[in-house]
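Structure, as structure tokens:
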Amino acid sequence: MKITKIQISKIKRFSQKYYKKLDQTHGIEHLNRTVKLATYLGKKENANIQIVKICSMLHQFHDDSKTVKRFLEKIKVGKNIIKQIVHCIECSDMKNIHKAKTIEAKVVYDADKLQVLGPFGIMREISCDIYPRKLKFREALKHARMIEKRCFKTLQTKTARRIAKYPHNYVIKFWEILDKWDKIKF
Numbered sequence: 037m038k039i040t041k042i043q044i045s046k047i048k049r050f051s052q053k054y055y056k057k058l059d060q061t062h063g064i065e066h067l068n069r070t071v072k073l074a075t076y077l078g079k080k081e082n083a084n085i086q087i088v089k090i091c092s093m094l095h096q097f098h099d100d101s102k103t104v105k106r107f108l109e110k111i112k113v114g115k116n117i118i119k120q121i122v123h124c125i126e127c128s129d130m131k132n133i134h135k136a137k138t139i140e141a142k143v144v145y146d147a148d149k150l151q152v153l154g155p156f157g158i159m160r161e162i163s164c165d166i167y168p169r170k171l172k173f174r175e176a177l178k179h180a181r182m183i184e185k186r187c188f189k190t191l192q193t194k195t196a197r198r199i200a201k202y203p204h205n206y207v208i209k210f211w212e213i214l215d216k217w218d219k220i221k222f
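Residues in the sequence shown are numbered consecutively from 37, following this note's numbering.
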């Protein structure tokens, strides 16, 4: 059973309503970027693009997949498709990626995590750490460095690892320069 255009439209509205409430680093811009990246990765990795697009729209619900499940049941999405979507959403969190059984779950995870890598990623992560997480600047730097390193190591697809290599190497150099600058004595 496929998902209808009407169901897709409802899913899109449902996700946009949710993302509009989130902080600036996880809002609509993040939603759109995740869908674009996931679609690209999905095509390269021969994933089911319809599932990838829908899951990337809903990936931020990783801590609340029951809400998504109820919503999908309400709009009469087939049980097998709901199961696939919930699996992808739950695996889009770093603590659950080891449970990913499908290429679609791996693609959606990678699309989200690519946004934590490279110059864009560290700026986004530091911004998120300072607001809304309220970390101090030094804590935010330390956390961004750790997250970037962990996300790079957990990328699931060859395509994502290839895309991430240059920005990740650039950021390694960035941290080296920052460390040297930080140690300057006046």
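Using N, Cα and C, we set each Cβ at its ideal position, and we do this for glycine too. Keep in mind that this is a model prediction, so the values were computed, not measured.
Using C-beta distances below 8 Å, list every residue in its chain close to residue i, excluding the 5 sequence neighbours before and after it, in chain order.
| i | result |
| --- | --- |
| Lys29 | Because the chain spans 37 through 222 in this model, residue 29 falls outside it and cannot be assessed. |
| Phe210 | Pro155 and Ile158 |
| Lys223 | Residue 223 is absent from the structure shown; the chain starts at 37 and stops at 222. |
Excluding five sequence neighbours on each side, which residues of the same chain lie with their C-beta closer than 7 Å to the C-beta of residue i?
| i | result |
| --- | --- |
| Thr61 | Arg160, Ser163 and Cys164 |
| Gln192 | Ile133, Ala136, Lys142, Tyr145 and Asp146 |
| Arg197 | Leu191 |
| Val122 | Ser101, Val104 and Lys105 |
| Arg69 | Gln151 |
Where does residue i land, buried or exposed, given buried means 16+ other C-beta within 10 angstroms?
| i | result |
| --- | --- |
| Lys110 | exposed |
| His204 | buried |
| Asp148 | buried |
| Lys115 | exposed |
| Ser45 | exposed |
| Phe188 | buried |
| Ile87 | buried |
| Thr195 | buried |
| Lys89 | buried |
| Glu212 | exposed |
Looking only at its own chain, which residues have a Cβ that is under 6 Å from the Cβ of residue i, when we skip the five neighbours before and after it?
| i | result |
| --- | --- |
| Leu171 | Asp165 |
| Ala176 | Ile162, Asp165 and Ile166 |
| Leu67 | Tyr55 |
Helix, strand or coil for residue i? Go by DSSP, reduced to three states.
| i | result |
| --- | --- |
| Asp218 | helix |
| Lys172 | coil |
| Tyr167 | coil |
| Asp129 | coil |
| Gln192 | coil |
| Ala136 | coil |
| Lys119 | helix |
| Lys38 | coil |
Please confirm whether residue i has its beta-carbon closer than 9 Å to some beta-carbon of chain C.
| i | result |
| --- | --- |
| Asp218 | Here chain C cannot be found, since the structure has a single protein chain. |
Task: In chain order, each alpha helix (DSSP H) run of at least 4 residues that lies wholly inside the region 90–117 - done: Runs of the alpha helix (DSSP H) inside the region 90–117: 101–110.
TODO: Counting only runs of 4+ residues fully inside the region 42–96, write out the alpha helix (DSSP H) ranges in chain order.
DONE: Within the region 42–96, the runs of alpha helix (DSSP H) that reach at least 4 residues and sit entirely inside it are, in chain order, 64–80 and 85–94.
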